[in-house]
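Mapping the sequence shown onto the working numbering, position 189 (from 1) lands on 189, and the numbers just tick up by one.
By construction, the Cβ of each residue, glycine as well, lies at the ideal position given by its N, Cα and C atoms.
Bear in mind that the values here come from a model prediction, so they are computed numbers and not experimental data.
Below is one structure; the comments refer to it alone.
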Amino acid sequence: MKTSSRPISDRFCCGADAIDTRIMVAIMLLAAVAGMYFFGAGETPAPTVDEAARTDSFYMKKLVLTSFDPEGRQRSVLHAEALEQSSSTGDSTLHHPALELVDDDGGVWRMTAIRGEMDAAMDHAHLRGDVKVVAERNPLATLNTPALQVDIDSRVLTSDVGVVVRQGRNRIESKTLTADLSQDKVQLSGSVRGVYVP
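In structure tokens, the structure reads:
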């Protein structure tokens, strides 16, 4: 039997230096894992269901959405400083919305508000806070209300929290409003009173 006179470190591919290096790497990896466990544990707990629901949304800034009817005619244009949409319900919250509805004669009605909500289908809007409605064909007449419901498909506006219609120095106030823009009809009811200046 033939024996080698070379040292053991030369006879194997891994000498004592290589074994020391492997041990050092293993110790450093264990130290890194331990550090991640001790220093990282408890810093960011898993969100509760309520927290997850509050942050589970889609966000857009400076948006413009245009919708068309089945014949390809423009139906509405929505501008907003920002839109937040819940991915769980699809409902949207609008910041400083400006909504333009086009009636059957091509007339444009502009609505602005501080805040708004829209359903997932984006065909119903609830505008809130200093809501103002102006018809393009008669910009001197304005309608103001604290809140307004808008059915975009039928172009019907409703409010039951008080409205004020102004044209020049003339003024009409009422508790409720129903306006059918496609028929060019406005119905005011509930404590209607007006001031007409000749």
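Residue range of the beta strand (DSSP E) that includes residue i
i, result
"Lys61", "Ser57 to Phe68"
"Gln187", "Lys185 to Ser189"
"Thr112", "Val108 to Thr112"
"Gly116", "Arg115 to Met118"
Residue i - partner residues in DSSP beta bridges
i, result
"Ile172", "Val165 and Gly194"
"Asp151", "His124 and Val156"
"Met24", "DSSP output for Met24 lists no bridge partner at all."
"His79", "Val64 and Ala98"
"Gln74", "Phe68"
"Glu136", "In the DSSP output, where bridge partners are listed per residue, Glu136 has none listed."
"Asp180", "Val156 and Lys185"
"Thr142", "Val134 and Arg166"
"Ser92", "Gln85 and Met118"
Residue i classed as buried or exposed, judged by whether at least 16 other C-beta atoms fall within 10 angstroms
i, result
"Thr145", "buried"
"Arg73", "exposed"
"Leu193", "Correcting the residue type first, residue 193 is Arg in the shown sequence and not Leu. So Arg193 ends up on the exposed side."
"Ser174", "buried"
"Ser87", "exposed"
"Val163", "buried"
"Gly168", "exposed"
"Ala272", "The first residue shown for the chain is 1 and the last is 198, placing residue 272 beyond what the model contains."
"Ala179", "buried"
"Met28", "exposed"
"Ser189", "exposed"
Reference residue i; option with closest CA among the options
i, options, result
"Val197", "Arg171, Asp184 and Gly90", "Arg171"
"Asp119", "Leu29, Asp153 and Met111", "Asp153"
"Gly90", "Val25, Glu117 and Ile23", "Glu117"
"Met60", "Val102, Leu83 and Pro70", "Leu83"
"Asp104", "Val195, Val25, Ser182 and Leu188", "Ser182"
"Arg115", "Ser191, Ser67, Thr21 and Gln149", "Gln149"
"Leu127", "Trp109, Ala135, Leu143 and Pro97", "Pro97"
"Lys185", "Thr112, Ala135 and Ser191", "Ala135"
"Leu143", "His124, Ala125, Leu177 and Asp123", "Leu177"
Three or more C-beta pairs below 8 Å linking the stretch 156–165 and the stretch 68–87: no
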